[in-house]
Amino acid sequence: MKYGILVLIGLFILSSCQENTKTTPQTIDDSETKAVTKKYQGEEPTTPEATEVYEPVPPKVTQDDNGVPSDAIVLFDGTDLSEWINAADSTAAQWHINDDASMTVKDKSGFIQTKRNFGSMQLHLEWKSPAEIINEGQARANSGVFIQQRYEVQILDNNGNPTYTNGQVGAIYKQSIPLAMASVPTGKWNTYDIIFHAPQFGKSGKVLQPANITVLHNGVLIQDHFEIEGAIKYIGWPKYEIHGKAPIQLQDHRDNSRVSFRNIWVREL
Ligand code: MG
Numbered sequence: 005m006k007y008g009i010l011v012l013i014g015l016f017i018l019s020s021c022q023e024n025t026k027t028t029p030q031t032i033d034d035s036e037t038k039a040v041t042k043k044y045q046g047e048e049p050t051t052p053e054a055t056e057v058y059e060p061v062p063p064k065v066t067q068d069d070n071g072v073p074s075d076a077i078v079l080f081d082g083t084d085l086s087e088w089i090n091a092a093d094s095t096a097a098q099w100h101i102n103d104d105a106s107m108t109v110k111d112k113s114g115f116i117q118t119k120r121n122f123g124s125m126q127l128h129l130e131w132k133s134p135a136e137i138i139n140e141g142q143a144r145a146n147s148g149v150f151i152q153q154r155y156e157v158q159i160l161d162n163n164g165n166p167t168y169t170n171g172q173v174g175a176i177y178k179q180s181i182p183l184a185m186a187s188v189p190t191g192k193w194n195t196y197d198i199i200f201h202a203p204q205f206g207k208s209g210k211v212l213q214p215a216n217i218t219v220l221h222n223g224v225l226i227q228d229h230f231e232i233e234g235a236i237k238y239i240g241w242p243k244y245e246i247h248g249k250a251p252i253q254l255q256d257h258r259d260n261s262r263v264s265f266r267n268i269w270v271r272e273l
């Protein structure tokens, strides 16, 4: 009798362990099944050649010595600010051009923005906080990339300088905390590689497809296809307003931020 009870307890423990090793399969609602399944309908191929395609052929893209793709629009290569204007009044951009092919925010001269309008894009830029540390928190080397004039990827010197995490370096300002803090030491050059898909609106202004954004900071994934919740707000909730293609802006935070930029290019998607 005693032996039988022990066997039963053993079997129970064994079955519990097996249950714990099972994982729940990830499923989606059948109604959401997309074209990926339709593409592979029909008779099952029986040769490798039957599933090889030769068209379309991707266009050849090469890179120059600075890593700029041959099909990119160069927005700043250190030569001049001819692609940029003052965002407030459309006059010539006043930021400083430096000898090392970079530019630096001119304090209180205002945001600058591209003359061109952009929709979905791949954007590359490099930025640097000044080596000399001035100010604290949000006032230390604060700038930002405002995509379509509305959606900010934060730039900030966060090294030894904590702040609210949805406003730290690499945040989609007040919407999405970055997945990592990937800054190089203060005074060194950072890279941002941003993939942005513009929002889509219906004629009435209804959001049919929110914008989404992926950001690599020095090659580290910090925003992973984040669905943007509306134009960023310093005070208030984010809200969408219907808009089309729009300029890229760089922020003058008006507190002697002295952030520098170089090697800015964009590929339209
Ligand atoms: Mg900012």
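Per the working numbering, the very first residue in the sequence shown carries number 5; after that it's consecutive.
From the three backbone atoms N, C-alpha and C, an ideal C-beta is built for every residue, glycine too.
{"Check": "Sequence-distant residues of the same chain with beta carbon closer than 7 Å to Trp-274, five excluded per side", "Outcome": "Given a span of 5 to 273 for the chain in the structure shown, any question on residue 274 remains unanswerable."}
{"Check": "For Pro-166, the three-state DSSP class (helix, strand or coil)", "Outcome": "coil"}
{"Check": "Gln-255 beta carbon near the ligand MN (any heavy atom closer than 7 Å)", "Outcome": "Inclusion of the ligand MN in the displayed structure is not the case, the ligand content consisting of the ligand MG alone."}
{"Check": "Boundaries (first-last residue) of the beta strand (DSSP E) holding Arg-271", "Outcome": "264-272"}
{"Check": "Pairwise C-alpha distance: Glu-47 and Asn-222", "Outcome": "46 Å"}
{"Check": "Classification of Asn-165 by the beta-carbon crowding that lies within 10 angstroms, buried from 16 upward", "Outcome": "buried"}
{"Check": "The ligand MG heavy atom lying under 7 Å from the CB of Gly-174", "Outcome": "no"}
{"Check": "Residue span of the beta strand (DSSP E) that contains Gly-148, given as start and end", "Outcome": "147-151"}
{"Check": "Beta strand (DSSP E) runs contained entirely in the region 116-145, provided each spans 3 or more residues", "Outcome": "116-118, 125-132"}
{"Check": "DSSP beta-bridge partners of Asp-111", "Outcome": "Bridge partners of Asp-111: none, in fact."}
{"Check": "Ser-147: CB within 7 Å of a non-hydrogen atom of the ligand MG", "Outcome": "yes"}
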